[in-house]
Each structure stands twice: as structure tokens, then as C-alpha cells.
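Keeping their order, the protein sequence lines are chains P and E.
Throughout, my numbering is defined as the position within the first sequence, counted from one, plus 70.
Throughout, my numbering is defined as the position within the second sequence, counted from one, plus 3.
Backbone N, C-alpha and C fix where the C-beta goes; we use that ideal spot for every residue, glycine too.
Note that the coordinates shown come from a computational prediction; the quantities given were computed from them, not determined experimentally.
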Amino acid sequence: MVLLQVLSSDDRISTVLFFGTIGMLALTIGLIVFITFHQRKVIRYQHQLQKMEQDQQKTLLNASIRLQEEERQRIAADLHDDAGPLLATARLYLNENLVNLDKTTQLQSIYNAKSIIDDTIQLIRNISHSLMPPTLKNFGLESAVNDLFQKISGSGSMNASCRFHDYRERLKPENELIIFRVIQELVNNILKHSNASFIHLTQNTSGNKFFIRIHHDGRGITQADFEKLNKSNVGLGLKNIQSRLKVLQGKVFFEKDMSQTYYKVTVELAKDDDKTD
Amino acid sequence: MDRLLSFITYSIPIILFLVFCAKKTTRALWVIFFYLLFSFAFDILQASSSFGKGNKHEIWGLYTICEFVFFACFYYIALESPSLKRFILIGSPLILLFIIISYIKSDKNDFDSTSASVESITLIIFSIMYFFEQINRPQTLFIYSSPNFWVVLGILIYMSSVLFLFIIGIISPKQAYKYWIINNVSNFITNIIFCIAFVRNKYAFSDPSLEKSSF
Numbered sequence: 071m072v073l074l075q076v077l078s079s080d081d082r083i084s085t086v087l088f089f090g091t092i093g094m095l096a097l098t099i100g101l102i103v104f105i106t107f108h109q110r111k112v113i114r115y116q117h118q119l120q121k122m123e124q125d126q127q128k129t130l131l132n133a134s135i136r137l138q139e140e141e142r143q144r145i146a147a148d149l150h151d152d153a154g155p156l157l158a159t160a161r162l163y164l165n166e167n168l169v170n171l172d173k174t175t176q177l178q179s180i181y182n183a184k185s186i187i188d189d190t191i192q193l194i195r196n197i198s199h200s201l202m203p204p205t206l207k208n209f210g211l212e213s214a215v216n217d218l219f220q221k222i223s224g225s226g227s228m229n230a231s232c233r234f235h236d237y238r239e240r241l242k243p244e245n246e247l248i249i250f251r252v253i254q255e256l257v258n259n260i261l262k263h264s265n266a267s268f269i270h271l272t273q274n275t276s277g278n279k280f281f282i283r284i285h286h287d288g289r290g291i292t293q294a295d296f297e298k299l300n301k302s303n304v305g306l307g308l309k310n311i312q313s314r315l316k317v318l319q320g321k322v323f324f325e326k327d328m329s330q331t332y333y334k335v336t337v338e339l340a341k342d343d344d345k346t347d
Numbered sequence: 004m005d006r007l008l009s010f011i012t013y014s015i016p017i018i019l020f021l022v023f024c025a026k027k028t029t030r031a032l033w034v035i036f037f038y039l040l041f042s043f044a045f046d047i048l049q050a051s052s053s054f055g056k057g058n059k060h061e062i063w064g065l066y067t068i069c070e071f072v073f074f075a076c077f078y079y080i081a082l083e084s085p086s087l088k089r090f091i092l093i094g095s096p097l098i099l100l101f102i103i104i105s106y107i108k109s110d111k112n113d114f115d116s117t118s119a120s121v122e123s124i125t126l127i128i129f130s131i132m133y134f135f136e137q138i139n140r141p142q143t144l145f146i147y148s149s150p151n152f153w154v155v156l157g158i159l160i161y162m163s164s165v166l167f168l169f170i171i172g173i174i175s176p177k178q179a180y181k182y183w184i185i186n187n188v189s190n191f192i193t194n195i196i197f198c199i200a201f202v203r204n205k206y207a208f209s210d211p212s213l214e215k216s217s218f
């Protein structure tokens, strides 16, 4: 203001007015241009993120569908190749001619048929248990995992053990099923690919986090390998693990133990709202 | 010629509002519509009545007060952040009080440049607040798809253009009158930009993906 009062000549006032107005307009236009371009950049970035997420969802969905189809094929194969012939054989023993045979032969045929039917019942029970273990529903995650590990140890191929340190209260049934499937998938991968001689599972809680750790001494993968396999077309089981954990907002982490002798898989889940009603 | 230009520049946005916005629009744009009607009526009063011709500086002072009220209402409605709304709710009455006191104390034989300068600076600050809020809000639409953006742009361009004119008017009113064409041209440009805002409103409401809150 003092400056303007000193500059009293018309020319100076005109100059100040001219430059002042031009300056203000330039600032205004600069501000608008900056805001417009900044916002376009942000929106473009958001679209890119959205697209990446959609692609990821699509990949996980495809993996899930493929896995489902494989499971169905396996069940169909089990029923067709195992249960089908057994029942057909049982039927052969129980044909109409049985009444024409002597009593001993009749008894023998009935006994054979009964034995085959028993085997078929056991086979179907095994198929059913592998689909949905009743132990999980009736006794919880700890019992189901114990059962699973006992079966693995019982086969003699490796030493499998598990220990639940802090599982006093059961989780919700649907969450227990998801965690069990994740453990099943991880264990299957170890059995198929790692050539391990032992596998050990531990369960802990820390604060509001639920941890499952699986150690094995075979050939494992690291987190970088996991991410690479996840992006590729192979690694269906790993994609399945990831999509299941996404439901529980959980994470999985693959690493080599600090002693560099074991591979470790850590599954981390939030414990809140997880308790059974 | 000035008067004719003024009538035309106020009529066009009023007509466009009635065509594109009368059926469906936001409260913010209604405020701008009433402001335009008020400005149009003001111009007619000034041009046609003897009172208007004889007391133009007094009327301009009153016009400044009413213009500030309209624009403050517009910014209050357009801004969504509660803290910014609170700032306007508290700040505007204080500024308005200052403008009224300045008008009462001013020499009625000259244009009250002090009030006008304070009004300009205040509205420039409100415009910057609006843009600041828009940058920080997460949104999926471009900022220029919103009618409010164009209204704020118009107000900002007008106030930026005339700020130095009004400041000069405090020192030397005669010099300010010499360059009054800056005010007329800025007014004309602002009204054109308001027209764009009203036309944008039609597209904003016809696209179902556009949320009302993004205005």
C-alpha cells in the first residue's frame, strides 16, 4: 500500500494494474491446470489398480473352478474305478443262479459278496472322509489335523507331528474348514514335491493373531517363488490357498528357517470375530 | 454498449439454466441462478431508474454485499468437508460485517473499493479451499465433469482479474474507473463459464454413474 502511494504517477499505476492482473490470472490458470492434471493422474492410477485387482480376482476364480473340476474328476474316477467294479463283483456273487447251487457254495458266495460290500463301504467312507472329515465337524480343527498327521505317519513314508499350543476355544465351523483345507493343501504339496522326511505343525496365538507354522526338511519354496507361481498358470493349489485365506483376511508366508535347515510356512489370521457362537 | 453487453451476458446463463437445470439441479446451482437474476435486475435498475443513475456508487456498494452473501452461500453448499463448512459459517459473517461497516463508513460519491477488495480476497480463498477439498477427496470422476467446478472457476477468474483493479481503486478511484473495462470483460467471461456449468449439469444428471455428492 505504501509502495502504491509513493508510485503516484498514472503510468506506474497502469503498470502495477497490468502486471498484477496478468499475474493473478496466470496464477489462477496455473492452479486449475495443476489440479486438473493431478486429478487425471490419480484417476488413471486408480483405474490401473482396479484393473490389476480384477485380473487377480479372475485368476483366483479360474483357479478355484479348475480345482473344483479336478476334485470332481478325482471323485468320479475313485467311484468308477474302485467302487464300481467292487459292487459289480458283489452283484455277480448274488445272481439268480445262487438258489440252484448247494448250500456251501451259497454260503461262500454270500460271504464273498458281504466282504466285497464291506470293502466298498470302507472305500466310500474314505472318499467321504477325504471330502469332509467328520472329526473336523464333531471335534474341531485340532482333532482333524491330528487325525490327518496320524494317517501320514501311519503310512510310514514320513514322520508327521503336530502341536496346538493355544486352541482352547474352537473357531467358527466355516473358518475351521477353510483353515483345515489350507493345511491339507500345504501338506499335500509337501508330500508331493518336497521329498521331506519329517513335517511338524505348530499352532500359536499372539495378541489377536492366530498362527499355524509348518516346518519340513525337504525342498521348499520361498515367498518369491510363491509369488512367481501365483502369477503363472501353474500352482493351482497355491492359488487355492491364497483365495481361501483371502476369505479370512489371512496371509501365508513361505521362507527358509533362520538355521537354513528347514523350510517354514506361516499362516497368519486375525483372531477377532473368529470365535464360535 | 456496455449495458447491452451486460444484459446479454446475464440473459444467456439465465436462459440456459431454465433450459438445462430447472427440472433437476443442485441447491448450489440454484444459488448461482438467483445471483444471476439479482445481477440482471440490478443492471436494469441502474440503467433505467433515475435513482440508479444518480446513486450508482451507493448501489454498487449494496451489490457487493449481496454478491458476497450469494457466493458465500454457494461455497457453503458446494463444500462437503464439515471443517471447511464450519470455517465458512464462522468466517463469512465476520467478513460480511466488515464489508457492511466499510460500506456505511465509505464516501458514497466513490465506489467502495475496500469492501470489494476484501470480498475478492475472501472469495479467492474460498475457491482455493474448494479445489483443495476436491484434490483430497477420493473420486472416480474428472473434476471438470462437475458443474460446481465451473462455477468456482468463473468466480475465481472474476475475482483474480478485478482484485488489483479494486486495490488501485482504494488509492486512486479515478484510475480504477479508467480501467473499468477489466471488470466488464471479466464479468462477461464469468457468465460464459456459468453457462458451461449449467450445460454440464444436464450431462451430470443424465449419467447414472455420476453421484450427486461429486457435484
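- Below 7 Å between beta carbons is the criterion; list the residues of the region 143-154 of chain E that meet it against any residue of chain P, in chain order. Thr143, Phe145, Ile146, Tyr147
- Task: Please list the partners that Gln109 (chain P) has in chain E, where partner means a Cβ-to-Cβ separation under 7 Å.
- Result: Ile138, Phe145, Ile146
- Name, in chain order, the residues that DSSP records as bridge partners for Arg314 (chain P). Partner(s): none; Arg314 (chain P) has no beta bridge.
- Pairwise C-alpha distance: Leu308 (chain P) and Leu97 (chain P): 55 Å
- Straight-line gap, Met228 (chain P) to Glu140 (chain P) (C-alpha atoms, nearest Å): 26 Å
- Have a look at Lys348 (chain P) and Arg233 (chain P) and give me their C-alpha separation to the nearest angstrom. Because chain P here runs from 71 to 347, residue 348 (chain P) falls outside it and cannot be looked at.
- Interface flag, Leu119 (chain P) vs chain E, CB-CB below 7 Å: no
- Message: On the criterion of 16 or more Cβ atoms from any shown chain inside 10 Å, does Arg89 (chain E) qualify as buried, or is it exposed?
- Response: exposed
- Query: Which residues bound the beta strand (DSSP E) around Phe268 (chain P)?
  - Reply: 268-276
- By how many angstroms is the C-alpha of Lys316 (chain P) removed from the C-alpha of Thr275 (chain P)? 19 Å
- Message: List, in chain order, every chain P residue whose beta-carbon is nearer than 9 Å to that of Gln178 (chain E).
- Response: Asp80, Ile83, Ser84, Leu87
- Task: Pick helix, strand or coil for Asn259 (chain P), following the three-state DSSP scheme.
- Result: helix
- Query: Using a Cβ-Cβ cut-off of 8 Å (strictly less than) and excluding sequence neighbours within five positions of Ile348 (chain P), which residues of its own chain qualify?
  - Reply: The structure shown does not extend to residue 348 (chain P), since chain P spans only 71 to 347, so no value can be given for it.
- Message: In the DSSP output, which residue or residues are listed as bridge partners for Thr336 (chain P)?
- Response: P:Arg283, P:Phe323
- Just how far apart, CA to CA, sit Ile83 (chain P) and Asn112 (chain E)? 22 Å
- Does Ile18 (chain E) have its Cβ less than 7 Å from a Cβ in chain P? no
- Message: Which residue marks the beginning of the alpha helix (DSSP H) containing Ser116 (chain E), and which one marks its end?
- Response: 116-139
- Query: Where does Gly64 (chain E) land, buried or exposed, given buried means 16+ other C-beta within 10 angstroms?
  - Reply: buried
- Query: So which residues of chain P does Ile185 (chain E) contact, with C-beta pairs closer than 9 Å?
  - Reply: Leu87, Thr91
- alpha helix (DSSP H) segment containing Ser51 (chain P), residue limits: A query on residue 51 (chain P) cannot be resolved here, the shown segment of chain P reaching from 71 to 347 and no further.
- Query: For chain P, is any of its Cβ atoms less than 7 Å away from the one on Cys198 (chain E)?
  - Reply: no
- Item | Length-filtered (4 minimum) alpha helix (DSSP H) runs lying within the region 54-114 of chain E | 59-81, 85-108
- Answer with buried or exposed for Asn165 (chain P), where buried requires no fewer than 16 other C-beta atoms within 10 angstroms of its C-beta. exposed
- Looking only at its own chain, which residues have a Cβ that is under 6 Å from the Cβ of Val335 (chain P), when we skip the five neighbours before and after it? Leu256, Ile284, Phe324
- Message: Which residue marks the beginning of the alpha helix (DSSP H) containing Asn151 (chain E), and which one marks its end?
- Response: 150-174
- Query: Is it right to say Ser51 (chain E) is buried, meaning 16 or more other beta carbons lie within 10 angstroms of its own, or is it exposed?
  - Reply: exposed
- Apart from the five residues on each side of it in sequence, which residues of its chain come closer than 7 Å, Cβ to Cβ, to Leu137 (chain P)? Leu306, Asn310
- Query: Which class does Cys198 (chain E) belong to by DSSP, given the choice of helix, strand or coil?
  - Reply: helix
- May I have the straight-line CA-CA distance separating Ala266 (chain P) from Ala340 (chain P), to the nearest angstrom? 30 Å
- Pick from P:Asp236, P:Ser231, P:Leu318: whose alpha carbon is nearest that of Arg251 (chain P)? P:Leu318
- Message: I'd like to know whether the C-beta atoms of Gly230 (chain P) and Ile282 (chain P) end up nearer to each other than 7 Å.
- Response: Residue identity differs from the one stated: residue 230 (chain P) is Ala in this sequence, not Gly. In this structure, Ile282 (chain P) does not lie closer than 7 Å to Ala230 (chain P) by Cβ.
- Euclidean distance between Cα positions of Phe43 (chain E) and Pro150 (chain E): 21 Å
- Item | Residue-level contact to chain E via CB, Ile105 (chain P), 7 Å cutoff | yes
- Item | Cβ shell of Phe101 (chain E) (< 7 Å), same chain only, five flanking positions each side left out | Val121
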